[in-house]
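Data first, discussion second: the structure below is written as structure tokens.
Protein chains in written order, with my numbering: chain A, 1 to 212; chain B, 1001 to 1212.
Shown next, in the form of structure tokens:
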């Protein structure tokens, strides 16, 4: 899915163009940054997402600006990234971060009423698989208040950097410390709501996520 | 700094418009998503940043598309966000995430040659304070290969959600589990580079960050 907009020119060795590898990165996270043009100006909005096949789903209040613009079918760019650590080289120039990032392009499209529930489930499953079956599903009014936008991925690319710093050969003799500082995302224990009825156990979806 | 583009209309109780509070959020992170218009299409690119006063600095290879576009002085939108946990309500509709996010608007401007080093130090200090003094500073050729873009913040707003789920009154009687799943960012121990000379200790900047 490489072409003009998504071809990575800077540090091409970090580029990933295989869809299945890119989707693995997308599926780890739930927050993306959606860019679109509004009144001639660029706007980037952070929002939750779900993915199924070559489709990205985002949702919002029916009257939100992002949603009412995207449902017009306009072009959109979506970006997500994780910083997994700092990479400290001997030279300022070769400092970097370890990361994985995805940038994709497509067009917005409003999900039809009769497919809205299914699309919302895709977002829900993407964030915490199985939760949809363990809660009260949307009422008619709640569905009315919500719109879902489908973005068909037209172009996509990813970049990944891992490992230690790479310095210029002559710099390895310098007396500067070099190495990595890992950033780890840790999923904490589930915190029951204060108002939770006393006889309700932690459900499967939560156990699967927090590993307890 | 509230006006048309940055006024938060959805869930306005989560909005933050005080500059000092917004900057606290911006200063916790180092990765943002930069949106601009290229050939009439929106593009969002993840990149590192630094902040000083009302200025955001980003850098890149002198020939990178993002840099060569932004140095033309075009409009730009910058977004950053942290998901601090999932918020599981009894109803699908009231599911949410705890997060902090910032969206800002401004215009790109190329940092002049004689101020480039200073701007790079701002980015470096933003990511890991004090590191600039503990490494080999950029050579003339390295500076030539790098450009820095300054974005004066013209509009900015933030949103924050914390705490437990809020359900509709009648849903509190339902037999569904509700609560929070915290996501914690943990800074790991520093990993010295394999090729590190044996007599080099972990420097102050790293100790300050990893807390050891």
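By construction, the Cβ of each residue, glycine as well, lies at the ideal position given by its N, Cα and C atoms.
From a predicted model like this one, the values you see are computed outputs, not experimental measurements.
Asked: Simplified DSSP assignment, three categories, for residue 1184 of chain B; Found: strand
Asked: Nearest-angstrom Cβ-Cβ length linking residue 1150 of chain B and residue 1057 of chain B, presumed shorter than 8 Å; Found: 6 Å
Asked: Meets three-Cβ-pair contact criterion under 8 Å: the stretch 1059-1079 of chain B and the stretch 1138-1157 of chain B; Found: yes
Asked: Run of the alpha helix (DSSP H) containing residue 65 of chain A, from where it starts to where it stops; Found: 65-70
Asked: Backbone secondary structure at residue 1001 of chain B - three-state DSSP; Found: Summary for residue 1001 of chain B: the model assigns pLDDT 47, below 50, so the residue's position carries little reliability, and this model does not support an answer.
Asked: Chain A contact for residue 1124 of chain B (CB, 8 Å cutoff); Found: yes
Asked: Against chain A: residues of the stretch 1134-1151 of chain B by CB proximity under 7 Å; Found: 1134, 1135, 1136, 1137, 1138, 1142
Asked: Partners in chain A for residue 1043 of chain B, counting only beta-carbon separations shorter than 9 Å; Found: 5, 35, 42, 77, 79, 103, 105
Asked: Check whether residue 1091 of chain B and residue 135 of chain A have beta carbons under 8 Å apart; Found: yes
Asked: Cross-chain neighbours of residue 90 of chain A in chain B, by beta carbon under 8 Å; Found: 1135, 1136
Asked: Check whether residue 100 of chain A and residue 160 of chain A have beta carbons under 8 Å apart; Found: yes
Asked: Unbroken beta strand (DSSP E) run spanning residue 202 of chain A, endpoints; Found: Careful: residue 202 of chain A lies outside any beta strand (DSSP E) and carries neither H nor E.
Asked: Residue 109 of chain A beta carbon less than 8 Å from that of residue 1172 of chain B; Found: no
Asked: CB-CB length for residue 78 of chain A against residue 34 of chain A, believed under 8 Å; Found: 5 Å
Asked: Beta-carbon gap between residue 1080 of chain B and residue 1102 of chain B smaller than 8 Å; Found: yes
Asked: Contact under 8 Å by Cβ, residue 1153 of chain B with residue 1104 of chain B; Found: yes
Asked: Proximity of residue 157 of chain A and residue 17 of chain A at Cβ, strictly below 8 Å; Found: yes
Asked: Selected residue, minimal CA-CA separation from residue 206 of chain A, among A:192, A:93, A:197; Found: A:192
Asked: DSSP-derived helix/strand/coil call for residue 1164 of chain B; Found: coil
Asked: C-beta contact flag for residue 1046 of chain B and residue 1070 of chain B at 8 Å; Found: no
Asked: Terminal residues of the alpha helix (DSSP H) in which residue 214 of chain A lies; Found: Past the edges of chain A, shown from 1 to 212, lies residue 214 of chain A, and the structure says nothing about it.
Asked: Distance CB(residue 107 of chain A)-CB(residue 148 of chain A) smaller than 8 Å; Found: no
Asked: Sequence-distant residues of the same chain with beta carbon closer than 7 Å to residue 204 of chain A, five excluded per side; Found: 130
Asked: is_contact[residue 71 of chain A, chain B] using C-beta, thresh 8 Å; Found: no
Asked: Between the CA atoms of residue 95 of chain A and residue 6 of chain A - distance to the nearest angstrom; Found: 25 Å
Asked: Best match in B:1190, B:1163, B:1051, B:1055 for proximity to residue 1014 of chain B [C-alpha to C-alpha]; Found: B:1163
Asked: Inter-residue CB distance, residue 181 of chain A and residue 86 of chain A (contact presumed, cutoff 8 Å); Found: 4 Å
Asked: Proximity below 8 Å, CB of residue 1138 of chain B to CB of residue 1114 of chain B; Found: no
Asked: Coarse secondary structure for residue 95 of chain A, derived from DSSP in three states; Found: coil
Asked: Residues that residue 31 of chain A contacts on chain B, provided the C-beta gap is smaller than 9 Å; Found: 1081, 1082, 1083, 1097, 1099, 1101
Asked: Same chain, Cβ closer than 7 Å to residue 1073 of chain B, five either side skipped, listed in chain order; Found: 1107, 1108, 1109
Asked: Pair within 8 Å by beta-carbon distance, residue 1119 of chain B and residue 1178 of chain B; Found: no
Asked: Within 7 Å of chain A by C-beta, residues of the stretch 1169-1181 of chain B in sequence order; Found: 1171, 1172, 1174, 1175, 1176, 1177, 1178, 1179, 1180, 1181
Asked: Below-8 Å beta-carbon distance, residue 1183 of chain B vs any chain A residue; Found: yes
Asked: Min CB distance residue 165 of chain A to chain B below 8 Å; Found: yes
Asked: Contacts around residue 1052 of chain B, its chain only, beta-carbon distance under 6 Å, and the 5 residues preceding and following it disregarded; Found: 1122
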